[in-house]
Every structure is written in C-alpha cells, then in structure tokens.
Amino acid sequence: MDKAFDVRKQTGFTTIAMACFAMLYMPIILLVIYSFNAGTSIAIWEGFSWRWYASAWDNEQVQEATIRSLIIAFWAALISTSVAVMAALATTRTRKFRGQTTVFAMINQPLMVPEIVTAVALLIFFAMIKVATGYTGLLYLIIAHSAFCIPFAYLPIRARLQGMDLSLEQAAADLYATPFQIFRRITLPQLWPGILAGAMLAFVISLDDVVITEFVKSAGQDTLPTYMLGQLRRVVTPEINAISTALLGISITMVVAFTLLSKIKT
Amino acid sequence: MAELSITEAKRQTRNRWLLLAPALIILIFAASGPLLITLVYSFLSPGDFGGVVWEFSTDAWFNVVMERDIFDDTLGWSDAHLSIFWRSVKLSLLTTLCCLIVGFPTAYFIATRPKKQRDMWMLLIIIPFWTNLLIRTFAILELIRNEGVINSALIAMGVIDEPIQMLFTEFSIILGMVYVYLPLMVLPIYASMERLDFSLVEAAYDLYATRLKVLRRVILPLVKPGVIAGSILVFVPSLGAYVTPRVMGGGNQLMIGNLIELQFGQGRNWPLGAALSITLLAIVMVALMAYVRAAGEEEVRHG
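These protein sequence lines are chains A and B, in that order.
Under my numbering, the first residue of the first sequence is numbered 1, with each subsequent residue one higher.
Under my numbering, the first residue of the second sequence is numbered 267, with each subsequent residue one higher.
Given below as structure tokens:
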C-alpha cells in the first residue's frame, strides 16, 4: 500500500533540522567530555579524571573570580528584580499614560543598544566618576549589571501581572483592604513565580556577561567570564573546560527552572 | 464628585511615578545617561593618554570614514576603517544567510511536530541561547583550532599531515556567529510558522502544486514577517559583535566592535571611539525600526 501523502513534508528539511540540533549540541558536549580528560590536551582523550576540576578548585584566581561573579550576580538580581516589580506594577493594568513610550524605551534600552556601545558609554561615564571620587570598588559593576538586568527581570514579571485575575483584588478592596494589604496578601502570592523567574533570569544574565564587565572593571576585578577571556590567549588546558562545564551547569539548571516556573498557572 | 476623581487621578499618577522612580534612576545612571555623555565625547578632542580634552572638535566624526594624509595633508577615504566596516557588514550578512538556511527548515520541522512534542524541541533551541556566549564560542574554538578535535581526528585518521588552518579566518568568525545567534533566527520563524494554516498547503497540493511551489508560493509568503524578524535579530547582534570576532578572529580580522575597543586601548582616541559607537548605534536603530515594522505587520496579519 502506498504511504499516505504527507502535506507537511518538505524534502530535506528534517535532515537539516537534525543537523542543526547536532551542530548546536555537539561542541558543548565535546567541551564537557574533555573537561574530564586525564591528559593536558583539549582534543586527545587520555582517560577519565577529575584532575581539572580539582585544579580549577585550587586555583586562587578562579576562586576569587567565582566569588566576585556570584556577589555581583546576587546583588544585580536582587536590585534589578526589586525595581522591576515596582516598575511592572506601575506599567500594567493602567490606561496609556503620559511618558509611557519613553518609559518602555528606557526599560528596554539594554536589549536594543549593542553591548559594546553600552560598555563604552559606561567606561567613559565611570571613568569620570572614578577621577572625581577616587572610588574604584565593585559598586560600578553591580550598578552596571543591575541596569542591563532590569528588562530581563521586568518582562516575565509583567507577563505574569497581565495574566492575573483582577477580581480577587477587587474583592479585597470591597472588604476595605488597604492598597498595601492587597499587594501583600493578594497580588504578591500570585506574582511570586514571575518574580522568581525574573530574578533567576537576571542572575544568569549577570553571571554570563563578558563585554560590559570587561570595560567597566578596574584592575584586579576579573569575573569568571573575563578571567576565561583572558586565559584564551594562552595555551589552554581542560581546566577552562572544567570551569565552563560548571558555569553551563548553573545556566542550564536556571533556564529549565525558569521554563517550569513560567508554566505555573495563576 | 468630579473633584474627587481628579484628586484620585492625580494620586494614581504620583504613585505610578514613585513606583517607576528606582528603575528609572538606575537606568538613567547606567544606561541612558552614559549614552548621552558618549555623544558629547564624540565632539571633543582626544587627550594624550586616553580621556578627552574639553575642546569642541568634529575631528572624531570626520575620522570615522575619512583621514588626512600625514605627509601631504590631503584628504582621502580611510581605507582601514572602510575595510573594517565592509567586513562587519559582509560577515553579518553571511551569518544571517547561513542562519536562515539552517534555521528555516529547523523551525519548519518543529512546527510540523505533534503539539505535545513542540515545546520539547523548542526548549532544545532555547537552552543554548541562554547559556554563556563566551562558553559557546569557546566550544566552537576547541573544535576547529589547529590542535582541536577536528584536526586531531583528521591527522589520527591519516587524512591530512598538517592541521588545516580554520581559526583566525573570516570563516571561523562566521561559524562562531552562526553558532551563537542561530536560536534568534529559529524563534521568530517558529512563532509565525506555528500559526500556519496547513489547509492552505493542502489546497495547493489539490491544485497540483509541487512541493517546491508550495514552499515558495504558499508557505514563504505566509511566514515572511517571521523570516524578516529573525534576519534582523541575527543581523543586529552580529554587526555589533565583539567577543566572537575577538576570540575567533584572533586580532587579525577586526569588526566594528573591535575597532571601537581599540580606540579605548592602544588607540587612545576616546572621541573617535565614541563617534564609532554612535555610528554603530544609528545603524542598529535603523535595523530595529525595520523589525518593529515587520512585527507590526505580523500582528495585523494574524489579528
């Protein structure tokens, strides 16, 4: 019997799609595999070992960069999510207001302006402040990261707010709840998956940033990605693979958790 | 009563701006404000050791595409800059084209899966997109470098004696950019493909259309907004790419992003760097406006 005619088939498309998935994952999988290499090569397999994880763990520069990355990502996620919650509350469920377009343009600016341009702008501006105040601490990096994390935190929170049922809040208002009580007891409990999703996205985005950090950081303020970028010029050992694998693990866990969180129904 | 609603409206407006204030302050301080200062800097004179001298000058803008001959003071096009602009545009267009060739069939494949499977396939596209760009660039680098996986395997099999030089070429930059930006092509094409009505395709087949004709005359026109959106989403970050050309091009194959960085490092010409940044931003804004238009068209079409 003839196979039924499939209107959805296009010759060769499935092959290309499979090649596409293979191409997306093969380099990452190889990177992970060679992080367990016993030898010093990133391409010749010499048996399984944890030695590069141990050596990365013992590497003082890696330790410092990791701690710095985590501190910056923590504060950037906290700050950007808090201000994004407030901004989302202010911009959803209201009619069009004066200055709305400007507000949206400003919030989304970090998504639209090329990273290198933002990086250069921050370099120029912070150089002025550094000269004026003499302060060269981590605060510059934390503020820069908070700024470009805002749209990433804002978008899932806003999406959540827009999908929420208003009747519960109206009922609470009818029962003489104050606006703050309504927010704490009604809105916030429904909003938390969105907030958590936004915070996780912001954390990952901050943790992964290379370009802006590279331009804003003062001497000796390497984060894990800028440390890795500096190492690429030298002879690389699987230690870099081990660090990459650890970072990949964090990112993938966060993305999967983010996807699951955004599916929770209101 | 009317008075009450006016004060109520005023109160709402005040609350709204109070809630918006923290976000806007951070953004003014670390996004919009610095951008304006960059614009100002592009009209100043360079300091001897980086930084600027506060003297008005249009030299930086002039130097974006022109240069004065150091010997006889004649004006001419800046070949070095123009060739870097040309390379940036060329590599970005080629990257977009390659992403389209691979991304379109992939989006089509996902859109034609049973409904339950689609989310799983899309997650497979999204995961690499959210993982560190540097790590993904690095993964490709390990694959194609002289002592990398491909060359080692080919030498071990006896196909070649000397490693093939793939790294630090324009090819390696395109490969790296296609690899990191491919999800940006698949996502919007899939979004319009998902809503494609396959009864139209069936009707075309009933009218004796070939598969190629159906693709060209029915499917492509219907998902065109998605294709345009995807192309712009890939083209824009490619044009402003900094990490990928730095890692994959090894300092020989500069793109605009690297040229900008150079002005703040060895070049010590901050105003020129600022002017180049604003130029890049302007090009990107034009492309994004085209994107907004394509996205709008999409919405009208699907109502």
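Glycine included, every Cβ here is placed at the ideal spot set by N, Cα and C.
Computed from a predicted model, the values in this text were never measured in an experiment.
Original post:
Once you ignore the five residues that flank Ile116 of chain A on each side, which residues in its own chain have a CB closer than 7 Å to its CB?
Top reply: Indexing the first sequence from 1 puts residue 116 of chain A at position 116. Hits under 7 Å: Val211.
**OP:** At 7 Å on the CB atoms, spell out the chain B contacts of Pro189 of chain A, in chain order.
**Re:** Counting from 1 along the first sequence, the entry for residue 189 of chain A is found at position 189. Result: empty, since nearest Cβ-Cβ is about 19 Å, beyond 7 Å.
Original post:
Under the three-state reduction of DSSP, which class applies to Trp45 of chain A: helix, strand or coil?
Top reply: The count along the first sequence starts at 1 and reaches residue 45 of chain A at position 45. The answer is coil: DSSP assigns Trp45 of chain A none of H, G, I, E or B.
Original post:
Comparing the C-beta of Glu460 of chain B with each C-beta of chain A, is any distance below 8 Å?
Top reply: The residue given as residue 460 of chain B occupies position 194 in the second sequence. Output row for Glu460 of chain B: interface = no.
**OP:** Just tell me which of A:Arg160, A:Leu168 and A:Ala242 has its CA closest to the CA of Val85 of chain A.
**Re:** The count along the first sequence starts at 1 and reaches residue 85 of chain A at position 85. Nearest C-alpha to Val85 of chain A: A:Arg160.
Subject >> Buried versus exposed call for Lys382 of chain B [16 or more other C-beta atoms within 10 Å across all chains shown] >> reply: Working through the second sequence from its first residue, we reach residue 382 of chain B at position 116. Classification of Lys382 of chain B: exposed, given that the 10 Å Cβ count is below 16.
**OP:** Specify whether the segment 270-282 of chain B and the segment 120-129 of chain A touch according to this definition: at least 3 beta carbon pairs, one from each stretch, less than 8 Å apart.
**Re:** no
**OP:** Can you tell me which of the three DSSP states Gly569 of chain B falls into?
**Re:** Stepping through the second sequence from its first residue, residue 569 of chain B is reached at position 303. At Gly569 of chain B, the pLDDT of 44 sits below 50, so the modelled position is not reliable; the number obtained from the coordinates is stated separately. Coil, per DSSP.
**OP:** Measure the alpha-carbon distance for Tyr447 of chain B versus Gly523 of chain B and round it to whole angstroms.
**Re:** Here residue 447 of chain B refers to the residue found at position 181 when the second sequence is read from its first residue. Here residue 523 of chain B refers to the residue found at position 257 when the second sequence is read from its first residue. Distance between the alpha carbons of Tyr447 of chain B and Gly523 of chain B is about 16 Å.
Original post:
For Leu123 of chain A, which residues of its own chain have a beta-carbon under 7 Å away from its beta-carbon, when the five flanking residues on both sides are left out?
Top reply: By 1-based counting over the first sequence, the position of residue 123 of chain A is 123. Only Phe215 and Val216 meet the Cβ criterion.
Original post:
Would a check of beta-carbon distances place Phe36 of chain A closer than 8 Å to chain B?
Top reply: One-based indexing of the first sequence puts residue 36 of chain A at position 36. By this cut-off, Phe36 of chain A is not an interface position.
Original post:
Between Val489 of chain B and Met459 of chain B, which are expected to be in contact by the criterion C-beta below 8 Å, what is the C-beta distance as a whole number of angstroms?
Top reply: In the second sequence, counting from the first residue as 1, residue 489 of chain B sits at position 223. In the second sequence, counting from the first residue as 1, residue 459 of chain B sits at position 193. Sure, about 5 Å apart at Cβ, within 8 Å.
Original post:
Considering only the beta carbon of each residue, do Ile107 of chain A and Pro151 of chain A sit closer than 8 Å?
Top reply: Stepping through the first sequence from its first residue, residue 107 of chain A is reached at position 107. Stepping through the first sequence from its first residue, residue 151 of chain A is reached at position 151. Remark: C-beta atoms of Ile107 of chain A and Pro151 of chain A approach each other more closely than 8 Å.
Original post:
Per DSSP, which one or two residues make a beta bridge with Glu333 of chain B?
Top reply: Position 67 of the second sequence, counting from 1, holds the residue named residue 333 of chain B. Glu333 of chain B is bridged to B:Gly342.
Original post:
Taking 8 Å as the CB-CB limit, is Met106 of chain A close to chain B?
Top reply: Against the first sequence, residue 106 of chain A aligns to sequence position 106. Chain B contact via Cβ: present.
Original post:
So is Phe218 of chain A buried or exposed if we call it buried at 16+ other beta carbons inside 10 Å?
Top reply: Residue mapping note: residue 218 of chain A aligns to position 218 of the first sequence, counting from 1. It is worth fixing the name first, because residue 218 of chain A is Ser in this sequence and not Phe. Flag for Ser218 of chain A reads exposed.
Original post:
Using the rule of at least 16 other Cβ atoms within 10 Å of the residue's Cβ for burial, across every protein chain shown, is Ala257 of chain A buried or exposed?
Top reply: Here residue 257 of chain A is taken as the residue at index 257 of the first sequence, counted from 1. The residue in question, Ala257 of chain A, is exposed, as its Cβ has fewer than 16 Cβ neighbours within 10 Å.
Subject >> Separation of Tyr25 of chain A from Pro429 of chain B, as counted between CA atoms >> reply: By one-based count along the second sequence, residue 429 of chain B stands at place 163. By one-based count along the first sequence, residue 25 of chain A stands at place 25. Their backbone Cα atoms lie some 24 Å apart in a straight line.
**OP:** Return the CA-CA distance between Tyr135 of chain A and Ile29 of chain A, expressed in angstroms with no decimal places.
**Re:** Reading the first sequence from its first residue, position 135 is the one you call residue 135 of chain A. Reading the first sequence from its first residue, position 29 is the one you call residue 29 of chain A. If you take the alpha carbons of Tyr135 of chain A and Ile29 of chain A, they lie about 43 Å apart.
Subject >> Same chain, Cβ closer than 7 Å to Thr304 of chain B, neighbours up to 5 away in sequence not counted >> reply: If you number the second sequence from 1, residue 304 of chain B lands on position 38. Counting only Cβ-Cβ distances below 7 Å, and skipping sequence neighbours, we find Ala540, Ser543 and Ile544.
Subject >> Spatial distance of Ala457 of chain B from Leu302 of chain B (CA atoms) >> reply: For the purposes of this step, residue 457 of chain B is taken as the residue at position 191 of the second sequence. For the purposes of this step, residue 302 of chain B is taken as the residue at position 36 of the second sequence. So the alpha carbons of these two residues sit roughly 36 Å apart.
Original post:
In three-state terms, what does DSSP make of Pro380 of chain B?
Top reply: Reading the second sequence from its first residue, position 114 is the one you call residue 380 of chain B. If DSSP states are grouped into helix, strand and coil, Pro380 of chain B belongs with coil.
**OP:** Check whether the Cβ of Phe375 of chain B lies closer than 8 Å to any Cβ atom in chain A.
**Re:** As a working note, residue 375 of chain B is residue 109 in the second sequence. Yes, contact with chain A.
**OP:** Would you list the residues sitting across from Asp314 of chain B in a DSSP beta bridge?
**Re:** For the purposes of this step, residue 314 of chain B is taken as the residue at position 48 of the second sequence. Paired residue(s): B:Gly316.
Original post:
According to the Cβ coordinates, are Met443 of chain B and Ala507 of chain B closer than 8 Å?
Top reply: Counting from one through the second sequence, the residue named residue 443 of chain B turns up at place 177. Counting from one through the second sequence, the residue named residue 507 of chain B turns up at place 241. Yes.
Original post:
Would you say the segment 412-430 of chain B touches the segment 46-60 of chain A, given that touching needs at least three Cβ pairs under 8 Å?
Top reply: no
**OP:** Could you tell me whether the Cβ of Ile336 of chain B comes closer than 8 Å to any Cβ of chain A?
**Re:** Your numbering for residue 336 of chain B matches position 70 in the second sequence. By this cut-off, Ile336 of chain B is not an interface position.
**OP:** Give the straight-line distance between the Cα atoms of Ala297 of chain B and Phe148 of chain A, rounded to the nearest whole angstrom.
**Re:** Counting from one through the second sequence, the residue named residue 297 of chain B turns up at place 31. Counting from one through the first sequence, the residue named residue 148 of chain A turns up at place 148. So the two alpha carbons sit approximately 8 Å from each other.
Original post:
According to a CB-to-CB cut-off of less than 8 Å, which residues of the segment 317-347 of chain B neighbour chain A?
Top reply: Here the close residues are Gly317.
Original post:
Less than 8 Å separating the beta-carbons of Ser244 of chain A and Ala197 of chain A?
Top reply: Position 244 of the first sequence, counted from the first residue, corresponds to residue 244 of chain A. Position 197 of the first sequence, counted from the first residue, corresponds to residue 197 of chain A. Going by C-beta atoms, Ser244 of chain A is not nearer than 8 Å to Ala197 of chain A.
Subject >> Which of helix, strand or coil DSSP assigns to Asn37 of chain A >> reply: As a working mapping, residue 37 of chain A is identified with position 37 in the first sequence. In the structure shown, Asn37 of chain A sits in a strand (DSSP, three-state: E or B).
Original post:
Mind listing which residues of the segment 2-14 of chain A have their C-beta closer than 8 Å to chain B's C-betas, in chain order?
Top reply: Phe5, Val7, Arg8, Lys9, Gln10, Thr11, Gly12, Phe13 and Thr14
Subject >> Endpoints, alpha helix (DSSP H) assigned at Met86 of chain A >> reply: Sequence index remark: in the first sequence, residue 86 of chain A carries index 86 (1-based). Segment Glu60 to Thr91, the alpha helix (DSSP H) holding Met86 of chain A.
Subject >> Cross-chain neighbours of Phe267 of chain A in chain B, by beta carbon under 7 Å >> reply: Here chain A covers residues 1 to 266 and nothing more, so residue 267 of chain A does not appear.
**OP:** Just list the beta strand (DSSP E) runs in the segment 434-474 of chain B, keeping only unbroken ones of 3 residues or longer that don't cross its boundaries, in chain order.
**Re:** none
Original post:
Closer than 8 Å, CB to CB, is Ala43 of chain A near chain B or not?
Top reply: Locating residue 43 of chain A in the first sequence gives position 43, where the first residue counts as 1. So, interface residue.
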